[in-house]
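In the working numbering, the protein residues as written are 260 to 568. Note that beta-carbon positions come from the ideal geometry of N, C-alpha and C, so glycine has one too. The structure appears below as structure tokens.
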């Protein structure tokens with residue numbers, strides 16, 4: 260039951276480097292060098308088989324035929340491809356016999372598998388590109404999105420925030436008043452696909468207070484926008500802060516809600532919040548905001564020169 264398939268694989272291999280071979284994508288992937296190697300390997304197998312004798316006949320024709328002769332291969336003239344053609348009138352001469360051992364039967368199969376699947380390990384193998392970190396904001400380009408301040412005045416509060424992008428940094432300053440809304444924020448639109456990334460990295464320095472990073476994916480519940488936020492601390496020195504997406508909490512007006520995981524393919528923008536529950540002035544400077552991938556080393560702070568006030 261195996262020999263018709265084995266014979267077909269052998270035929271494919273013999274014709275792999277022929278100009279008449281169909282120009283399939285598989286052949287293009289394998290290339291001419293592999294086809295030549297497979298043909299040479301098959302020729303070696305055939306030369307080995309031609310020196311063997313047999314006590315039984317295994318027909319290579321898809322249609323079973325009675326055993327005509329059990330003589331050594333050398334006793335008959337060399338058999339041509341035409342002799343194997345289905346439906347060809349009998350030549351009247353004995354059908355040559357080839358003896359197949361287990362090893363001989365496996366070789367054409369192995370060669371066929373190499374033809375079918377060998378391209379997966381070749382130079383042209385398609386690979387999945389590793390995620391490339393995306394710089395959302397470097398604060399050094401005129402075409403970057405503008406940042407907008409949203410204070411708690413929309414809820415009757417009296418907090419005040421101000422933002423300015425200058426000398427390659429974003430500066431967010433103001434005064435927090437906890438009575439009332441008790442927050443102030445800056446936000447910017449930045450539609451981007453962060454699929455494959457694991458978090459957001461910022462280089463910041465500030466007044467020692469805690470801020471919150473918001474990543475907006477446009478999710479809404481109860482006809483309200485769902486905020487995805489996580490806290491981070493600041494110091495007077497430039498510090499690298501990494502916020503994993505898994506650390507983002509889903510809230511509506513500060514109240515935790517159950518929500519689906521963040522959709523990294525639908526990121527719309529980012530924001531910074533001051534809402535640490537302490538009255539008084541605050542300040543934060545941001546050198547850049549970028550994504551980072553799993554296993555990626557932290558961005559080299561030396562790449563961005565320290566900036567003094």
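(request) Name, in chain order, the residues that DSSP records as bridge partners for residue 420. (result) Under DSSP, the beta-bridge partners assigned to residue 420 are 433.
(message) Only counting the same chain, and skipping five residues up and downstream in sequence, which positions put a Cβ closer than 6 Å to that of residue 432?
(response) Counting only Cβ-Cβ distances below 6 Å, and skipping sequence neighbours, we find 421, 542.
(message) One question on the structure: do residue 473 and residue 545 come within less than 9 Å of each other, judged by their Cβ atoms?
(response) no
(request) Report the rounded CA-to-CA distance for residue 490 versus residue 516, giving the unit in angstroms. (result) 17 Å
(request) With DSSP as the reference, label residue 405 as helix, strand or coil. (result) coil
(message) Check this for me: beta carbons of residue 510 and residue 492, under 9 Å apart or not?
(response) no
(message) In whole angstroms, give me the CA-to-CA distance for residue 502 and residue 460.
(response) 6 Å
(request) Examine the Cβ distances between the segment 440-449 and the segment 524-539 and report whether three or more of them are shorter than 8 Å. (result) Counting Cβ pairs under 8 Å, three or more are found: they touch.
(message) Cutting at 6 Å between CB atoms, please list the residues of its own chain near residue 557, excluding the five before and the five after it.
(response) Taking residue 557 as the centre and dropping the five residues before and after it, the same chain places the C-beta of 499 closer than 6 Å to its C-beta, in chain order.
(request) Can you tell me which of the three DSSP states residue 438 falls into? (result) coil
(message) Looking only at its chain, what residues have a beta carbon closer than 7 Å to the beta carbon of residue 525, apart from the 5 residues adjacent to it on each side?
(response) 476, 477
(message) Please state the DSSP three-state secondary structure of residue 413.
(response) helix
(message) So, at 6 Å on beta carbons, what are the nonlocal neighbours of residue 424 in its own chain, with the 5 sequence-adjacent residues on each side left out?
(response) Taken in chain order, the residues that qualify are 398.
(request) For residue 539, collect the residues of the same chain with a Cβ closer than 7 Å to its Cβ; drop the 5 residues on either side in sequence, then sort them by chain order. (result) 434, 435
(message) Can you look up residue 397 in the DSSP assignment and give me helix, strand or coil?
(response) coil
(request) Using alpha carbons as the reference points, say which of 514, 440, 467, 507 lies closest to residue 481. (result) 514
(request) Per DSSP, which residues does residue 466 bridge with? Please list them. (result) Looking at the DSSP assignment, residue 466 forms no beta bridge with any residue, so it has no partner.
(message) Measuring straight from C-alpha to C-alpha, what distance separates residue 470 and residue 416?
(response) 18 Å
(message) Could you tell me the alpha carbon to alpha carbon distance between residue 413 and residue 495, rounded to whole angstroms?
(response) 31 Å
(message) If I measure Cβ to Cβ from residue 452 and keep anything under 6 Å in the same chain, skipping five residues before and after, which residues do I get?
(response) For residue 452, where only same-chain residues beyond five positions count, the Cβ hits under 6 Å are 524.
(message) Within the continuous beta strand (DSSP E) that includes residue 544, where are the two ends?
(response) 539-552
(request) Apply the 10 Å Cβ neighbour rule to residue 505 and answer buried if 16 or more other Cβ atoms are within range, or exposed otherwise. (result) exposed
(request) Taking residue 481 as part of the beta strand (DSSP E), name the residues at either end of that continuous run. (result) From DSSP, residue 481 is part of no beta strand (DSSP E); its letter is neither H nor E.
(request) Give the straight-line distance between the Cα atoms of residue 468 and residue 547, rounded to the nearest whole angstrom. (result) Rounded to the nearest angstrom, the gap between the Cα atoms of residue 468 and residue 547 is 19 Å.
(request) Counting only the same chain and skipping the five closest in sequence on each side, list residues whose C-beta sits under 7 Å from that of residue 534. (result) 441, 442, 471
(request) Below 7 Å CB to CB, which residues in the same chain sit around residue 483 once its five sequence neighbours on both sides are set aside? (result) Around residue 483: 511.
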